[in-house]
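The block underneath contains the structure these notes are about, expressed in structure tokens.
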Amino acid sequence: MANTKYIFVTGGVVSSLGKGIVSASLGKLLQARGYKVTIQKFDPYINIDPGTLNPYEHGECFVTVDGHEADLDLGHYERFLNVPTTRANNVTTGRIYQSVINKERKGDYLGKTVQVIPHITDEIKRNVKLLGSKNQYDFVITEIGGTVGDIESLPFLESVRQLKWEMGKNCMCIHLTYIPYIAAAKEYKTKPTQHSVKQLQELGVQPDILVLRTEHELNANILHKVALFCNVEVDAVIQSIDVPTIYEVPLMLQRQKMDEIVLKKVGLEIGPRPEMKRWKEFLKRKSNATETVSIGLVGKYVELQDAYKSIDESLLLASIYNDRKLDLRLIHSEKVTEENIEELVKGLDGIVVAPGFGQRGIEGKFVAIRYAREHDLPCFGICLGMQCMVIEFARNVLGLKDANSTEMESNTPYKVIDLMAEQKDVTNMGGTMRLGEYDCTLKKGTKVYEAYGKENIKERHRHRFEFNNEYKERFETAGMKCVGENPDTNLVEVIEIPRLKWFVGVQYHPEYSSTVVNPHPLFLSFIKAAIENKQAKHSIKSNG
Ligand code: GLN
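Residues 628 to 1171 (our numbering) are what the sequence shown spells out, left to right.
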């Protein structure tokens, strides 16, 4: 189908209502009908990308296959749609301005005064249309970050207004708002939604569909009231009720015919309702799981809900596909000591050591890794987690006292993790890490090879430091093997200790490519090992 349709998703009243999940869910429903769908996110902040933002500001930084540091909502888009995103799927105000200013310096504006309207809005519109330009997609869903009323999102909403005007039926707007419940009055309140829609209308944008976020089901009166005050047909007022898992949202929206309303609005034939068979099977498997697998996640940002989003979701998906409920225990790496580690990992079937940057919390990671190595507890190190596995092994097995990464201690006597050669002259911190997908060759007969079932893989990266190959032989002789390497540069990408049940570290980020219909093989293998570890412990207990 040519003639791409554009759907904008805006938000009002408060932030964190789940615009990303609604966008991903609608995308899934349209995809299930055979349409080609992509979802993009516009972020109204000035940073060029979230790569320079810390997790307190922004949660996890997602990485696309083409090496763009992106908003974590792209992770939801990929997990739902099972289609990779690229740098075109996430654009910030900073990038829009950078591009306009570059054009101005080149003289592209031929003496004109460069202004927000039309130059910034034109650049925004160009980025919206870019994804639809090659007739690659039937639907481009564009999520506008922030909340209507924010000063910084004005140029984006003005662009939505212009595009709706230009494209007519091929373009529509979905507005997500919140219906609070006032317990003392025992009433749901629609006023904030009315105000939010008015604000959008003042900007010239009439929403076609309203999605009301609510904790409990709303009655028909409320839906009619919202429809009446907001110029929206009552069928197009959809509820997004809190559900136990985000993966139920597509079905909840399908029951309210959200996809059908969209098709009707853009003038496409509705056709039969897709069965969503695989999706339902996945949810059934999730609800049928009764036994648990307990995993500890060791990191310094565990108190932040979104800091390790893709890892959390990958562990959940892998647990479901192993028919287990995930019991995820968060272990703050700054609080781990030799005295309390036994207590902290009690009852855990495996641990994941998280990625990260800088010194804070690193010693706790070493303690956790040492415990896992000495007690044969399945352990999965990701990026910095893998580097910590290497450092711990150097210190406590190779006897290289004070071995470290030069990221933490530039004068360490044993630089077992060191800055990559191509990073040595880097002075600009934004977008200059080793980013995106790279090839890796796995050694046959290893746990990772077994997990992937193939020799050549591609995985996404985000780091500046690497395993120092000068030490490779010493590590291998002592039992830590380098089992995955980049075929072009020989960078070590995977380490494992084969004599242990499952002790694997990866320099890359497998969590970015785990999706609902394609859970990542390494997470599956790790969870399987954790379950086997649990079963082995139980049988020792019952036999003893
Ligand atoms: N800080 C480490 C590096 O830059 C690891 C990065 C990460 O965990 N993503 O190499």
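The beta carbon of each residue, even a glycine, is placed where N, CA and C say it ideally should be.
- Non-local beta-carbon contacts of L758 in its own chain, meaning distances under 7 Å to residues more than five positions away in sequence, involve T665, Q667, A715, Y764 and V767 in chain order.
- Taken in chain order, the unbroken stretches of alpha helix (DSSP H) that lie wholly in the segment 860-934 and span 4 residues or more are 876-882, 885-892 and 904-915.
- Assigned with DSSP and collapsed to three states, L790 falls in helix.
- Spatial neighbours of A945 in its own chain (CB-CB distance under 6 Å, excluding positions within 5 residues in sequence) are listed in chain order as P1146, F1150, L1151 and I1154.
- Taking 7 Å as the cut-off, one finds at least one heavy atom of the ligand GLN near enough to the beta carbon of L1011.
- Cβ-Cβ distances below 6 Å link K632 to F766, N797 and V893 in the same chain, with the five nearest sequence neighbours on each side left out; the list follows chain order.
- Within the DSSP secondary-structure output, I747 pairs in no beta bridge.
- In this structure, DSSP gives D976 a state outside helix and strand, which the three-state scheme calls coil.
- Every alpha helix (DSSP H) of 4 residues or more that sits fully in the segment 807-858 is shown, in chain order, as 818-829 and 847-857.
- Here the alpha carbons of V710 and L830 stand approximately 33 Å from one another.
- The straight-line gap separating the alpha-carbon atoms of V1043 and S1032 is approximately 6 Å.
- Relative to the ligand GLN, the beta carbon of H1090 is positioned inside 7 Å of a heavy atom.
- Residue burial annotation: A811 is exposed, with fewer than 16 other C-beta atoms found within 10 angstroms of its C-beta.
- Relative to the Cα of T817, the nearest Cα in the group P1114, T841 and L657 belongs to T841.
- Between the segment 648-664 and the segment 719-739, the count of C-beta pairs closer than 8 Å stays below three; the two stretches do not touch.
- Judged by DSSP in its simplified three-state form, S652 adopts helix.
- With respect to the 8 Å criterion, I1122 and G1132 are classified as neighbours on the basis of their beta carbons.
- In the three-state scheme derived from DSSP, where H, G and I count as helix and E and B as strand, R1126 is classed as coil.
- Using a cutoff of 7 Å, the CB of E990 does not count as near the ligand GLN, since none of the ligand's heavy atoms is closer than that.
- In this structure, F984 has its beta carbon less than 7 Å from a heavy atom of the ligand GLN.
- For the pair E684 and G772, the Cα-to-Cα distance works out to about 14 Å.
- Close CB contacts of V861 within its chain, under the 7 Å cut and outside five residues either way in sequence, are with L850, H851 and A854 (chain order).
- Within its own chain, the residues whose Cβ lies closer than 7 Å to the Cβ of L957, once the five positions on either side in sequence are excluded, are L924 and V929, listed in chain order.
- Only buried fits W906, as 16 or more other CB atoms lie within 10 angstroms of its CB.
- In the structure shown, R987 falls within a coil segment according to DSSP collapsed to helix, strand and coil.
- A Cβ-Cβ separation of about 6 Å places N1113 in contact with Y1065 under the 8 Å criterion.
- Counting of Cβ neighbours within 10 angstroms places V1053 among the exposed residues, the total staying below 16.
- For Q658, the shortest C-beta to heavy atom distance toward the ligand GLN is 7 Å or greater.
- Look at the beta carbons and you see the segment 742-753 touching the segment 769-783: at least three pairs across the two are nearer than 8 Å.
- Here the alpha carbons of C1109 and C1015 stand approximately 15 Å from one another.
- Taking the C-beta atoms as reference points, N949 is found nearer than 8 Å to V920.
- Note on geometry: alpha-carbon atoms of I801 and Q821 lie some 15 Å from one another.
- Classified as exposed, E1001 has fewer than 16 neighbouring CB atoms from the shown chains inside 10 Å of its CB.
- Counting along the chain, N1023 sits inside the alpha helix (DSSP H) bounded by residues L1011 to N1023.
- The DSSP-derived three-state label of G1008 is strand.
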